[in-house]
Each structure stands twice: as C-alpha cells, then as structure tokens.
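Chemist: Pasting a structure below so you can have a look.
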Amino acid sequence: MGDSLVYNHGSMHAGAESIKAALKRLHEQLEQVERNVAPFKATWSGTARESYDIRKKKWDGAAAEIAKSLGLLGPALAKSSDSMKATDQRASRHFE
C-alpha cells in the first residue's frame with residue numbers, strides 16, 4: 001500500500017477558503033498601510049517622494065503577483081478536490 005493517494009476533500013476546500021481569506025486580509029492590510037502613510041506622504045517632496053513612489057510601485061507589483069498567485073491557487077485547489085471526488089464516485093460504481 002505504499003503507492004497511494006489520500007485526499008481529504010473537506011481539508012482541501014477549507015484550504016481554498018483559507019487562501020481566499022488570506023488574500024482578502026492582504027488587500028485590507030495594504031489599504032491600511034496606504035491610509036497610514038497618506039498624511040506623511042502629503043508632506044513629502046523631491047527625492048523623498050520620488051523614492052517612496054518608486055518603492056511603492058515595486059511593493060504594489062509584488063503584492064499584485066502574490067494576489068494573482070493566491071487568486072489562482074484557491075480555486076484550483078477546490079476544483080482539484082471536486083474533480084478527485086467525482087473520480088472517486090465514478091470508480092466506486094465499479095464495485096456496486
């Protein structure tokens with residue numbers, strides 16, 4: 001029995017929901033950071049403002065990549081679970 005796969009469909013769907021929740025928290029936290037920085041940013045000019053804008057663009061790009069990956073991973077995990085569950089059900093009919 002060494003070569004087998006075990007799926008826990010409930011855990012896979014819970015994982016997909018956890019990923020969705022993490023993505024929501026990521027967006028909320030990034031928005032909160034922007035709100036916290038806004039009063040200070042309004043007073044920056046010159047190279048300080050330029051440096052912040054350059055760094056923020058990099059952060060935003062990285063956050064967008066993470067969000068994209070998580071946005072694809074959660075649904076893929078749920079779909080994988082559903083597909084395997086359907087396969088299990090089809091296979092079980094061969095033993096009826």
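Residue 55 in UniProt numbering sits at position 55 of the sequence shown; the count goes up by one each step and never skips.
Glycine included, C-beta positions come from ideal geometry on N, C-alpha and C.
Do you know whose CA, among Ser83, Asp88, Leu77, lies nearest alanine 16's CA?
Modeler: Leu77
Chemist: Have a look at glycine 71 and histidine 13 and give me their C-alpha separation to the nearest angstrom.
Modeler: 14 Å
Chemist: Have a look at lysine 58 and glutamate 31 and give me their C-alpha separation to the nearest angstrom.
Modeler: Taking the straight line joining both Cα atoms gives about 15 Å.
Chemist: Keeping to the same chain, check which residues put their C-beta closer than 8 Å to that of tyrosine 7; ignore five residues upstream and five downstream.
Modeler: Ser81, Met84, Lys85, Asp88
Chemist: Which residue's Cα is closest to the Cα of alanine 64: Tyr52, Ala21, Leu26, Leu5?
Modeler: Leu26
Chemist: Is isoleucine 19 closer than 8 Å to glycine 61 when the C-beta atoms are compared?
Modeler: no
Chemist: Any idea what DSSP makes of tryptophan 44, helix, strand or coil?
Modeler: coil
Chemist: Jot down the residue ranges of each uninterrupted alpha helix (DSSP H) in the stretch 7-67, minimum 4 residues, whole runs only, in chain order.
Modeler: 9-41
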